[in-house]
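Remarks on the structure that follows.
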Amino acid sequence: MQPEMSESDPSLSPNKRAVAAYVEGFRTGDHDAILSLLTEDVIWEMPGDFSITGKAAFHKEIENDTFTGKPTLTVIRMVEENDVVVLLGTVEARFTDGGELHGIFSDYFHFREGLIRRIESYQVDNR
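In the working numbering, the protein residues as written are -8 to 118.
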């Protein structure tokens, strides 16, 4: 596992810093910070689950009431090639119905002019 990465880490590329800031936005519940990293026409896709387009739809999705509290996210690895950063990590979260999510995920962040233009998310629940 790689050491935890921070958006202020000068050794990270600008795209990796943006992904670290994105993760921190979810950890702290700072949705404005997350939205500031996205293009207006962002696409977020979780194949087999959902596909949304646009910053407003993205905001609505992260504001949904499926979960309560803030997730615990752990970064395992971040790899970058050209304009794509791949993030492998784990997530723990509590559903509003009392259930729990213990998952591993891989997110593919595609960038355009320094902003996230597309996210492909793959997740497996480890229960």
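Positions of the beta carbon are idealized from the N, C-alpha and C atoms, including for glycine.
- The secondary-structure analysis by DSSP pairs phenylalanine 96 across a beta bridge with Gly80 and Gln114.
- The Cβ-Cβ distance between serine 112 and methionine 37 falls below 8 Å.
- By the criterion of at least three beta-carbon pairs nearer than 8 Å, the stretch 65 to 73 is not in contact with the stretch 37 to 56.
- Relative to the Cα of phenylalanine 49, the nearest Cα in the group Thr30, Thr63, Gly60 and Pro62 belongs to Thr30.
- Distance from the CA atom of threonine 87 to the CA atom of aspartate 116, rounded to whole angstroms, is 17 Å.
- For valine 66, the beta-bridge partners assigned by DSSP are Gly80.
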